[in-house]
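Sequence positions in the sequence shown follow this note's numbering and run -12 to 246. Right, one structure below, let's go through it.
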Amino acid sequence: MRAPTAFPVLLAVAAVLTAAAPAAHAAGSRLHITAGGTPNHPRVYSGGGKHVPGIDVDADWVVVEGFILDRPSAPGVEIRGNHVTLRDTTITAPQGGDGDGIRFFGDYIAIQHNRISRTSNRGDAHADCMQTFSSDSPPSNHVRIEGNRCEKIDNMCLMAEGPNDGEGDGKGHTTDFLIKDNFCETLVASQTLMFEDVQRATITGNTFAAGPDHAIGLAIHSTGARVEGNRVDPSIPCEVGIDDSSREGYSGPEPACAP
């Protein structure tokens, strides 16, 4: 998914932090984006390669691009909104919390051409490249994750949990994910992508590097998944692990293990 026509004026970092208030402001040590645009004119926040210590998006119809986050507080970027695009941003070695690179909550979210690296499970962390869940937070639908590089990730490239996975709030559904053309390097976790109570995920054209027991896990009614055209390192013995509740509508390689 590509964001609609961009807002014609790109906000430089200095403008974002000063003149653009209350559109965006420093919340503690992080960049906090609170004003969005419209369907025809999403508001664009362009970093131009500038460094910020973390980004929180609480707005709709927003494009965030071109920032560098070096050792940000985790999650490096947190998105809470609809029609939000995060692209061309670098996140390195998130610190503290659960150690995640990106967390997202909402509908029509696009995460494109970002580089996330060196998430660490130090302490009790479960440091994913990207994560979403639905426990006192909105479910996520119509999500596009394309062309990203998740490098040296201790936990998973993506952990996606719906509201009915046993830990969620039971409100709504999490559906329609496209996971396409990403590079995923998992160092510690048993799987690279994990879906629990997520319906209609399409997983295509990705590269799964060495590390996990299996590349993809489908569990707890993660039905309607389509898997095709991925490149799986020979050291990974199983491309798809699935449970009985997730087999309805599945299309792809024969599942060879549990999720």
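No residue lacks a Cβ here, since even glycine has one placed at the ideal position from N, Cα and C.
Handout entry: Integer Cβ distance of Ile132 from Leu165, believed to fall under 8 Å
Key = 7 Å
Exercise for the section: In angstroms with no decimal places, state the Cα-to-Cα distance between Ile190 and Asp115. Expected result: Near 18 Å, if we compare the C-alpha coordinates of Asp115 and Ile190.
Exercise for the section: Would you list the residues sitting across from Lys167 in a DSSP beta bridge? Expected result: Glu133, Thr191
Handout entry: Minimum Cβ-Cβ distance from Ile42 to chain E less than 8 Å
Key = In summary, chain E is missing from the structure at hand, where a single protein chain is found.
Exercise for the section: List the DSSP bridge partners of Ile223. Expected result: DSSP, once it has assigned bridges, lists no residue as partnering Ile223.
Exercise for the section: Give the straight-line distance between the Cα atoms of Val51 and Gly192, rounded to the nearest whole angstrom. Expected result: Val51 and Gly192 have their C-alpha atoms roughly 25 Å apart.
Exercise for the section: Please report the Cβ distance between Ala196 and Cys171, rounded to the nearest whole angstrom; I am assuming they are in contact, meaning their Cβ atoms lie under 8 Å. Expected result: 7 Å
Exercise for the section: Would you mind reading off the limits of the beta strand (DSSP E) that contains Glu148? Expected result: 145 to 148
Handout entry: Supposed close pair Asp141, Ser177 - CB separation, criterion 8 Å
Key = The pair is not a contact, with the Cβ atoms about 12 Å apart (cut-off 8 Å).
Handout entry: Selection from Asn101, Leu174, Pro246, Gly198 that minimises the alpha carbon distance to Lys167
Key = Asn101
Exercise for the section: Leaving aside the five residues before and after Ile78 along the sequence, list all residues of the same chain whose C-beta is less than 6 Å from its C-beta, in chain order. Expected result: Leu56, Gly63, Gly88, Ile103
Practice task
Count the other CB atoms, across all protein chains shown, that sit within 10 Å of the CB of Ala8; report buried if there are 16 or more and exposed otherwise.
Solution key: Its pLDDT being 38, under 50, Ala8 is placed unreliably in this model, and the value from its coordinates should be taken loosely. By the 10 Å Cβ count, Ala8 comes out exposed.
Handout entry: Ala8, DSSP secondary structure in three states
Key = Note that Ala8 scores 38 on pLDDT, short of 50, meaning its location in the model is unreliable and no value can be drawn from it.
Exercise for the section: Go ahead and pull the three-state DSSP assignment for Ser238. Expected result: strand
Handout entry: In DSSP terms, what His201 is bridged to
Key = Gln178, Cys225
Exercise for the section: Using alpha carbons as the reference points, say which of Ser33, Asn217, Ile98, Asp230 lies closest to Val130. Expected result: Closest by alpha carbon: Ile98.
Handout entry: Phe54 versus Thr76: straight-line alpha-carbon distance, rounded
Key = Cα to Cα, the separation comes out at about 5 Å.
Practice task
Identify whether Ser122 lies in helix, strand or coil by the three-state DSSP scheme.
Solution key: Residue state, collapsed to three classes: coil.
Practice task
Can you tell me which of the three DSSP states Asp57 falls into?
Solution key: strand
Practice task
Name the residue from Thr106, Thr210, Thr119 whose alpha carbon lies nearest to the alpha carbon of Arg234.
Solution key: Thr210
Handout entry: Enclosing beta strand (DSSP E) for Thr72 [first to last residue]
Key = Run containing Thr72: 71 to 74, per the beta strand (DSSP E) assignment.
Problem - Proximity to Gly149 [Cα-Cα], best of Glu215, Met143, Thr161, Lys139 - result: Thr161
Practice task
Following the continuous beta strand (DSSP E) through His19, name the residue where it begins and the one where it ends.
Solution key: 17 to 20
Handout entry: Contact check, Gly68 vs Val31, beta carbons under 8 Å
Key = No, the Cβ-Cβ distance between Gly68 and Val31 is not below 8 Å.
Practice task
Could you spell out the range, first to last residue, of the beta strand (DSSP E) harbouring Arg109?
Solution key: No beta strand (DSSP E) contains Arg109, which DSSP labels as neither H nor E.
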